[in-house]
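Comments concern the structure below.
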Amino acid sequence: MRKIYNHLAVLLAVIAVQLPLVAAAETAKPPPLPADLQALEEIPPPTLGSDQNADEPEITIVKKNGETIEEYRIGGELYMMKVTPAHGVPYYMHKEDQNGGWLMDGPNQPLSIPKWMLFRF
Numbered sequence: 003m004r005k006i007y008n009h010l011a012v013l014l015a016v017i018a019v020q021l022p023l024v025a026a027a028e029t030a031k032p033p034p035l036p037a038d039l040q041a042l043e044e045i046p047p048p049t050l051g052s053d054q055n056a057d058e059p060e061i062t063i064v065k066k067n068g069e070t071i072e073e074y075r076i077g078g079e080l081y082m083m084k085v086t087p088a089h090g091v092p093y094y095m096h097k098e099d100q101n102g103g104w105l106m107d108g109p110n111q112p113l114s115i116p117k118w119m120l121f122r123f
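Going by this note's numbering, the first residue of the sequence shown is number 3, and it counts up by one from there.
The following block contains the structure:
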């Protein structure tokens, strides 16, 4: 039992010595600034142009043979098309995956399996 008290006393003594040293190290003054120090110019924040806003899709409308095709792109990559035929109901085609597989959403939508892109090379 006496050994435990001796070890505890030594531990408390070490902590008592180290605590002021740690506190002194944290409150050390920073080095003085040079005498010829000059302030930098104020830099204005960048303006957001239409090409810098990547959240909004780019829409291209193509009309041929009486049908209208609207192409939706984000970052230059085509991800969805809306096809409006000359006679009939409009339908959507969207990319199933990055390999170029397309799904058609019409009156009867197919079963859509969730697919998340984890890595892109």
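We put the CB at the ideal spot given by N, CA and C, even for glycine.
Computed from a prediction, not measured in an experiment: that's the story for all the values here.
Rounded to the nearest angstrom, the gap between the Cα atoms of alanine 15 and alanine 26 is 18 Å.
Going by C-alpha positions, isoleucine 63 is about 28 Å away from threonine 49.
Around threonine 70, the same chain offers Thr86 as residues with beta carbons nearer than 6 Å, after the five sequence neighbours per side are excluded.
Histidine 96: member of the beta strand (DSSP E) spanning 93-97, first to last residue.
Judged by DSSP secondary structure, isoleucine 45 falls outside any beta strand (DSSP E); it is assigned neither H nor E. Scanning its chain for C-beta atoms nearer than 6 Å, with the 5 sequence neighbours on each side dropped, one finds around alanine 88 the residues Gly68, Glu69, in chain order.
Taking C-beta separations shorter than 7 Å and ignoring five residues to either side along the sequence, the partners of lysine 84 in its chain run Glu72, Pro92, Tyr94, following chain order.
When DSSP states are grouped into helix, strand and coil, leucine 80 belongs to the strand group. Just so you know, the alpha carbons of methionine 82 and isoleucine 61 end up roughly 10 Å apart. In this structure, DSSP gives glutamate 69 an extended state, which the three-state scheme calls strand.
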